[in-house]
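Structure, as structure tokens:
Numbering (UniProt numbering), first residue to last: 1 to 134.
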């Protein structure tokens, strides 16, 4: 079990770029096909850009054609939290980092086996373990 951390909005503004803040704190979405991890073939782990928690493995990454990095499972269900999202007149399941509450993206039931899940995640919300540029 990870210890929950919390930052107030001003602390997040100091730590994050404006784009990271908009997506991770304000629950925004990057434009499709714009994120640096959409087509990446990097092996290893994708971490939360806000707190560094390991969230997804390249072993579970697949090309969904959706325009966002997609994974069929998180590293552990204990690393994420899913909440109902009814914005924009539709019902979706939002995915957040359990440790810091950062908005990551959404999960859908149209992914590949064995889970049939598609975790559609904003690149801006992630940092690959080998990527030092954030």
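The C-beta atom is built at its ideal place from N, Cα and C for all residues, glycine as well.
Opposing strand residues paired with residue i [DSSP bridges]
i: residue 103; result: 96
i: residue 85; result: 92
i: residue 5; result: Answer is none; residue 5 lacks a bridge partner.
i: residue 127; result: 47
Proximity of residue i and residue j at Cβ, strictly below 7 Å
i: residue 54; j: residue 83; result: no
i: residue 99; j: residue 24; result: no
i: residue 103; j: residue 120; result: no
i: residue 85; j: residue 94; result: yes
Alpha carbon of residue i to alpha carbon of residue j, nearest angstrom
i: residue 129; j: residue 89; result: 36 Å
i: residue 59; j: residue 14; result: 33 Å
i: residue 34; j: residue 123; result: 8 Å
i: residue 87; j: residue 28; result: 11 Å
i: residue 125; j: residue 49; result: 5 Å
i: residue 71; j: residue 61; result: 4 Å
i: residue 18; j: residue 12; result: 10 Å
i: residue 56; j: residue 8; result: 25 Å
Inset, instruction - Just list the beta strand (DSSP E) runs in the region 11-73, keeping only unbroken ones of 3 residues or longer that don't cross its boundaries, in chain order. - result: Taking 3 residues as the minimum length, the beta strand (DSSP E) runs contained wholly in the region 11-73 are 45-48 and 54-57, in order along the chain.
Legend entry - Contact the region 39-46 vs the region 95-114: 3+ CB pairs below 8 Å: As far as the Cβ criterion goes, the region 39-46 does not touch the region 95-114, which means the pair count is below three.
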